[in-house]
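Protein chains: 2
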Amino acid sequence: MFDQLFKSFQEKVTLTPAEMELCKSFFIPKKLRKKQVLLQEGDVCIYNAFVEKGILRSYFLDEKGNEHTVQFAIEGWWITDLSSFLTNSHSIYTIEALEDSELLLLTTEAREALMDQIPMFERYQRLLLQNAYIANQARINSTLTETAEEKFIKLGKAYPGIVQRVPQHMLASYLGFTAETLSRIRKHLREKE
Amino acid sequence: MFDQLFKSFQEKVTLTPAEMELCKSFFIPKKLRKKQVLLQEGDVCIYNAFVEKGILRSYFLDEKGNEHTVQFAIEGWWITDLSSFLTNSHSIYTIEALEDSELLLLTTEAREALMDQIPMFERYQRLLLQNAYIANQARINSTLTETAEEKFIKLGKAYPGIVQRVPQHMLASYLGFTAETLSRIRKHLREKE
DNA sequence: CGCGGGTTTGATGATGCTCAAGCCCGGTGG
DNA sequence: CCACCGGGCTTGAGCATCATCAAACCCGCG
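Chains as they are written, first to last, in this note's numbering: chain A, 425 to 617; chain B, 425 to 617.
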């Protein structure tokens, strides 16, 4: 149940066995079926979710009704609406499971308590935030400099696990173009070889 | 000299007068003339810079030689290449002054020391990072959903201080389009009224 | 006064979007 | 077991937005 989580800890910080044991009590295990929703647009996001198994995504709708995927999260990743979670504001995002999934949830209070009791957990959280910030910066640069085809190729290289497990139109909405465009890109790549 | 910095502290956390006094010794005051460079592409970013006076920007060049502005920073803002600063990697960005400016610099070591000695400073840093993350998320959403004209209007509303003080082509490169397009957008907005 | 960076304007073109239709395939109910 | 349904993917035609390239203009500064 906590395999992926502890693996994630160990990649960034060092926790004692006692601390790991203590951790367990703060997380709420939760299973989601495919298409079930963890956070509904308009609600306040009260959970930081860690994915033990499965795959989720967050997305929002613009005024024209177009879907924009913000993030995917597979095993070993965190997902939440940080803006809503941190400021208790209403979220514009929806977070849903794309496969049957197993999560470990952390409420705001549990997170604060953990940071108080285990200093290394605060460090872990800060490192996560730093990495997320840097990844977002890279994503902005990518939208400014790359063509649709380059973005898709890069995504495939960076996250092959995601490209294979997710419907095409969601990849397209993540990369910032339409499903039709992605279809044509794939055709073009096929014809190249 | 520290007016803007202490103002920024007070907006986010509470420091005792003694802590404020202690802080001062960790910062390195630095003046930059217009067009002078704080961080050169290829170097490792060793400073977190706080702007007391003036205005700076960070930018990078893509393979075609096009300039992309990443961030502007006016009085009361921080600017750095966080990715390079935190991981000691070579920066792809250049940071330069757009006007004669006065900065307060924080090295990696000074930052760590301050976080050790003043817990509220660590909280302040975390809040900055959170805000930066949220702002980046909003910027990504904006590029996905808005037209060039909408982006420009929004920028004017959000940061009128920047729009007035910065050359047009830098605004365009920040917003993700060309100087010619921005010129046409401005013409269009003029003709509307 | 002349230079040069920044901005404007015009003509043309590429990239990706929209709308519409057809196809493929897996799931469901008769 | 088959027919049907529907979601997702593909394909095509026309179109909108913005980029590119080139020229002219404007204006502050040396």
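Glycine included, each C-beta is placed from N, C-alpha and C at the ideal position.
In DSSP terms, what residue i is bridged to
i, result
"A/P648", "This structure leaves residue 648 of chain A out entirely; chain A is present only between 425 and 617."
"A/V468", "A/H514"
"B/F496", "B/R481"
"B/L463", "B/I519"
"B/A473", "B/I503 and B/L529"
"B/E536", "For B/E536, which the question treats as bridged, DSSP gives no partner whatsoever."
"A/E491", "A/L485"
Same chain only: Cβ atoms within 7 Å of residue i, ignoring 5 sequence neighbours per side
i, result
"B/V587", "L579, G580 and L595"
"A/G600", "T567"
"A/T531", "I470 and Y471"
"A/A603", "Q592, H593 and A596"
"B/F430", "M444"
"A/K436", "Y548 and L551"
"A/N565", "none"
"B/L606", "F576, Q592, L595 and A596"
"B/K454", "L527 and L529"
"A/D486", "H492"
"B/A537", "F450"
"B/K448", "F426"
Short CB-CB distance (under 8 Å) between residue i and chain B
i, result
"A/Y557", "yes"
"A/I609", "no"
"A/T569", "yes"
"A/D427", "no"
"A/G384", "Here chain A has residues from 425 to 617 only, and residue 384 of chain A is not among them."
"A/L595", "no"
"A/R550", "yes"
"A/D524", "no"
"A/S507", "yes"
"A/W486", "According to the sequence as given, residue 486 of chain A is Asp; it is not Trp. Answer yes: the Cβ-Cβ gap between A/D486 and chain B drops below 8 Å somewhere."
"A/L606", "no"
"A/L538", "no"
"A/Y553", "Sequence check: residue 553 of chain A is Leu here, not Tyr. Yes, A/L553 lies at the interface with chain B (some Cβ there is under 8 Å from its Cβ)."
Residue i burial status per 10 Å Cβ neighbour count (16 or more: buried)
i, result
"A/D505", "buried"
"A/A582", "exposed"
"B/K575", "buried"
"A/V475", "buried"
"A/T511", "exposed"
"A/G478", "buried"
"A/S515", "buried"
"A/N490", "exposed"
"A/Q495", "buried"
"B/L613", "exposed"
"B/S507", "buried"
"B/Q434", "exposed"
"B/A442", "exposed"
"A/S513", "exposed"
"A/Q561", "buried"
Nonlocal neighbours in the same chain, by C-beta distance under 6 Å from residue i, ignoring five residues either side
i, result
"B/G500", "Q428 and S432"
"A/A667", "With chain A represented from 425 up to 617, any question about residue 667 of chain A goes unanswered, as that position is not in the structure."
"B/I452", "L529"
"B/Y598", "T493"
"A/E523", "K458, G478 and I479"
"B/R610", "none"
"A/F368", "Outside the shown range of chain A, which is 425 to 617, sits residue 368 of chain A, and nothing can be said about it."
Any chain A beta carbon closer than 8 Å to residue i
i, result
"B/H514", "no"
"B/L510", "yes"
"B/I542", "no"
"B/G500", "no"
"B/Q592", "no"
"B/I564", "yes"
"B/Q464", "no"
"B/L560", "The question names Leu, but residue 560 of chain B in the sequence shown is Asn. Chain A, which has a Cβ nearer than 8 Å to the Cβ of B/N560, makes this yes."
"B/L579", "no"
"B/H612", "no"
Chain-order list of residues whose beta-carbon lies under 8 Å from that of residue i (same chain, five-residue window excluded)
i, result
"A/E570", "K578"
"A/G585", "I498"
"A/T518", "V461, L463, Q464, E465, S482, Y483 and F484"
"A/A556", "L506"
"A/L446", "Q541 and I542"
"A/V621", "Limits of chain A in this structure are 425 at one end and 617 at the other, which puts residue 621 of chain A out of reach."
What residue ranges within the segment 556-592 of chain A form continuous alpha helix (DSSP H) runs of no fewer than 4 residues, ordered along the chain?
572-582 and 584-589
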